[in-house]
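J.:
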Amino acid sequence: MPAALFSPLTIGPYRLEHRVVMAPLTRMRADKATLAPRPLNVDYYAQRATPGGLIIAEATPVLPTGTGSPNVPGIYSEAQIAGWKHVVDAVHAKGGVIFLQLWHVGRVSHSSFQPGGALPVAPSAIAISDDLKAMTADGKVAAYETPRALETDEIPGIVAAYGQAARNAIAAGFDGVEVHGANGYLIEQFLQTRSNQRTDRYGGSIENRCRFLLEVTQAVIDACGAAKVGVRLSPYGIANGSGEAEPMPLYTYAIEALNRLGIAYLHLIEPRSSGAGRADVNWQNVPSALALFRPVWKGVLIGAGGFTGEPAEAAIKGGHADAIAFGRYFISNPDLPQRLAHGWPLTPYHRPTFYGGEDKGYTDYPAYDEMAPA
Ligand SMILES: Cc1cc2nc3c(=O)[nH]c(=O)nc-3n(C[C@H](O)[C@H](O)[C@H](O)COP(=O)(O)O)c2cc1C
């Protein structure tokens, strides 16, 4: 058994029994009419729950305008809170701990998702480049539109929506929330110059570009307490048209500011996997976010991106991270912690069933001890 990966860890008020975390994974299988989790989603999360194991539930829009893919569950309506409650109860029944990732996609959207067919909103009116395509509400692809730049006085409303979403998550029974500050979505659009050309207090200097992240994090802390809040960042990532020319000063400032907020954990995505759905793109010769920012971050650090059991054990043993989040292998191995504990082989994942659909590629991956001998 990999001893470091299977040693206990305290995160906020919770004692984890092991350090194999389920990464947030968009699967686009919520109820189509209400965008609430449904029984299929309950089964999926329950299959992946373990005693003292942390699940970070999929990115979940805090507002309808924060949506950029079909059939992702929200956390802004009563039906959605009720749907999530069933998920949380099932995970708790197995002794698991579950956080909800709070999401606003900003410009990674399309007018077909927006109330009244309006343009998506973003820090600045800068479209994602043509080589990437937007998803539309009917599941087709389209060119990204030029988003509408948010007015300064609209921003507090979005910050407040994150706070309300955190309250809704707690009402659904979640143990905490993770602020999605990664992978090219709204918070990262504010952080990075290529998507933020604002001249007000949310743009320009590093301090100004970090303001939205820090205001959102504070609003979420005000809603549920710092010990129940995590933040996910992807320095050096290039998902969804993101990418900062000089990540070190920007992310050092952001992480130092987060240190002062006393949150439960920081979650960093290694740039060797770009994050989001194109996570199988692996770059060599890119820096390790864990190695660069471990000295900056003073709290619990979760690492993610391209890990299997041995590198995860080595990362924890070497002090580079306190826990490792697994994405794609948690999709295809509902019993991933047990497999890593015993050194059992991993079932490969099936990419075409990542996004959308029903049980195929979702709840039909068997646990190792249910598999027929080869
Ligand atoms: C199907 C799929 C959906 C994803 N959805 C999210 C998401 O909702 N939020 C997020 O922060 N990252 C998301 N990611 C990125 C993963 O959380 C993770 O960082 C990435 O897959 C790299 O880890 P891995 O190599 O263990 O898969 C997604 C990745 C995949 C493959």
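Sequential numbering of the sequence shown, starting at 1, is according to full-length UniProt numbering. Ideal Cβ placement from N, Cα and C applies to all residues, glycine included. Only a predicted model underlies this, so the values are computations on that prediction, with no experimental measurement involved.
Taking 7 Å as the limit between beta carbons, can you name the residues of its chain near Ala257, skipping five residues before and five after?
T.: Cβ within range, chain order: Cys210 and Leu214.
J.: I'd like the list of long-range same chain contacts for Met135, defined as Cβ closer than 6 Å, with 5 residues on each side in sequence excluded.
T.: Here the set comprises Ser69.
J.: Which two residues bound the contiguous beta strand (DSSP E) that contains Gly116?
T.: Per DSSP, Gly116 belongs to no beta strand (DSSP E) and is neither H nor E.
J.: Alpha carbons only, please: which of Ile255, Gly243 and Leu250 is nearest the one belonging to Gly230?
T.: Among Ile255, Gly243 and Leu250, the Cα nearest to that of Gly230 belongs to Ile255.
J.: With a cut-off of 8 Å on the beta carbons, I'd call Asp322 and Arg19 a contact; round off their distance for me.
T.: The Cβ separation is near 7 Å, so the contact holds.
J.: Any heavy atom of ligand 1 closer than 7 Å to the Cβ of Ser242?
T.: Every heavy atom of ligand 1 is 7 Å or more from the Cβ of Ser242, so no.
J.: Nearer than 7 Å: is that true of the beta carbon of Tyr355 relative to any heavy atom of ligand 1?
T.: Flag set: Cβ of Tyr355 near ligand 1.
J.: Could you give the residue range of the beta strand (DSSP E) that holds Ile56?
T.: First-last of the beta strand (DSSP E) with Ile56: Leu54 to Pro61.
J.: Could you check whether the Cβ of Ala239 sits closer than 8 Å to any Cβ belonging to chain B?
T.: Protein chains in the displayed structure number just one, and chain B is not present.
J.: Between Val21 and Ala314, which are expected to be in contact by the criterion C-beta below 8 Å, what is the C-beta distance as a whole number of angstroms?
T.: The Cβ separation is near 16 Å, so there is no contact.
J.: Using alpha carbons as the reference points, say which of His110, Ile263, His267 and Pro73 lies closest to Arg38.
T.: Of His110, Ile263, His267 and Pro73, the residue nearest in Cα terms is Pro73.
J.: Taking Ile158 as part of the alpha helix (DSSP H), name the residues at either end of that continuous run.
T.: From DSSP, the alpha helix (DSSP H) with Ile158 extends over Ile155 to Ala171.
J.: Would DSSP call Lys133 helix, strand or coil?
T.: Strand, per DSSP.
J.: What is the DSSP secondary structure of Gly230, counted as helix, strand or coil?
T.: Gly230: strand per DSSP, three-state reduction.
J.: By a C-beta neighbour count over all protein chains shown, 10 Å radius and 16 as the cutoff for buried, is Ala90 buried or exposed?
T.: That one is buried.
J.: Out of Trp103, Tyr236, Thr199 and Gln338, which has the shortest C-alpha to C-alpha gap to residue 459?
T.: The structure shown does not extend to residue 459, since the chain is modelled only from 1 through 374, so no value can be given for it.
J.: For His180, count the other beta carbons within 10 Å of its own beta carbon; 16 or more makes it buried, fewer makes it exposed. Which is it?
T.: It is buried - the Cβ of His180 has at least 16 other Cβ atoms within 10 Å.
J.: For Tyr329 versus Leu346, is the C-beta spacing smaller than 8 Å?
T.: Yes, the Cβ-Cβ distance between Tyr329 and Leu346 is below 8 Å.
J.: Less than 8 Å between C-beta atoms, sequence neighbours within five positions excluded: which residues of the same chain meet that for Glu154?
T.: The residues are Val121.
J.: Taking buried to mean at least 16 other C-beta atoms within 10 Å of its own C-beta, is Asp369 buried or exposed?
T.: Exposed is the call here.
J.: If you pair each beta-carbon of the segment 234-247 with each one of the segment 185-195, do three or more pairs fall below 8 Å?
T.: The answer is yes - the segment 185-195 touches the segment 234-247, with three or more Cβ pairs under 8 Å.
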